[in-house]
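Structure, as C-alpha cells:
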Amino acid sequence: MQFKRLAYTSLAALDLTVEQLFDIGQTARDLNGLDGITGLLLFNGTHFLQWIEGAPEAIDDLMERLRRDPRHSAVEIRETELADERLFPDWSMKLVRVRTHYQEAHDDVLEKLPVGLSDAIRARIAGMVELISVEV
Ligand SMILES: Cc1cc2nc3c(=O)[nH]c(=O)nc-3n(C[C@H](O)[C@H](O)[C@H](O)COP(=O)(O)O)c2cc1C
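Residue 145 is where the sequence shown starts when you use our numbering, and the numbers rise one by one after that.
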C-alpha cells in the first residue's frame, strides 16, 4: 500500500490554552490510532507544523477536519508525497514543543526527537521548522 504524507503549517488561535493543546494531542493520538495515521506535531507557542501519514483517503478526511478546526487558522500545505514507508511508524502523534527562534527551534528538533529517527529525517524536519520560526 502507498501512504500519503503531508506537512502543513498553521497559526494557533491566540487564546489557545495549555488544556486545549493537551486535548489536541489526546484526540490526535486516539483518532489516529483508529484511522491508521501516524505523525509528528511541532508547536512553538504561536504556530504548528504537522506531518500526517496514512492511507490517502484517511489523510484527506483528516485535512478536511483540520481545516474546520477553530483552534488554528491559515492552514497551508507545505509538502505532500506518496511513499512506500512511514517516516514515523511508532507515533500515532508525537507532540514536540520547540522554541520560537529558528536556530533554537532547529536545535530543539535535533535534541528532542526520540532516538530511532535517522539523522537524515531529523535534518529534514529541522530544516522545515524555519517555516514557523522567527528569525533572530
Ligand atoms: C494543530 C492541530 C492538530 C491536530 N491533529 C489531529 C490529528 O493528527 N488527528 C486527528 O484526528 N485530529 C487532529 N486534530 C483535531 C481535528 O482538527 C478534529 O478536531 C478531530 O479530528 C475531530 O474531528 P471533528 O471535530 O470533525 O469530529 C488536530 C487539531 C489541531 C488544531
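Beta carbons are placed, not taken as given, at the ideal position from N, Cα and C, and that holds for glycine.
Bear in mind the structure is a predicted one, so any value in this text is a computation, not a measurement.
Taking the alpha carbon of residue i as the reference point, which residue from the options has its own alpha carbon closest?
| i | options | result |
| --- | --- | --- |
| Glu248 | Asn188, Phe166, Arg268, Leu231 | Asn188 |
| Ile276 | Ala172, Arg149, Phe232, Ser154 | Ser154 |
| Thr244 | Gln146, Glu274, Tyr152 | Glu274 |
| Ile269 | Val278, Glu279, Glu255 | Glu255 |
| Leu175 | His250, Leu261, Leu206 | Leu206 |
Tell me, please, which residues DSSP counts as bridged to residue i.
| i | result |
| --- | --- |
| Tyr246 | Looking at the DSSP assignment, Tyr246 forms no beta bridge with any residue, so it has no partner. |
| Thr153 | Leu193, Glu220 |
| Arg230 | Arg230 pairs with nothing; no bridge assigned. |
| Glu225 | Arg149 |
| Thr182 | Glu197 |
| Val278 | His245 |
Is the Cβ-Cβ distance between residue i and residue j less than 7 Å?
| i | j | result |
| --- | --- | --- |
| Glu201 | Thr182 | no |
| Lys148 | Leu231 | no |
| Glu208 | Ala151 | no |
| Gln139 | Arg215 | Residue numbering for the chain in the displayed model covers 145 to 280; residue 139 lies beyond these limits and cannot be assessed. |
| Asp252 | Val242 | yes |
Give the secondary structure of residue i by DSSP, where H, G and I count as helix, E and B as strand, and everything else as coil.
| i | result |
| --- | --- |
| Ile269 | helix |
| Gly169 | helix |
| Arg211 | helix |
| Leu206 | helix |
| Val253 | helix |
| Val162 | helix |
| Leu239 | strand |
Is residue i near ligand 1, judged by its Cβ being under 6 Å from some heavy atom?
| i | result |
| --- | --- |
| Thr153 | no |
| His191 | no |
| Asp251 | no |
| Leu165 | no |
| Arg215 | yes |
| Thr171 | yes |
| Met145 | no |
| Met294 | Here the chain covers residues 145 to 280 and nothing more, so residue 294 does not appear. |
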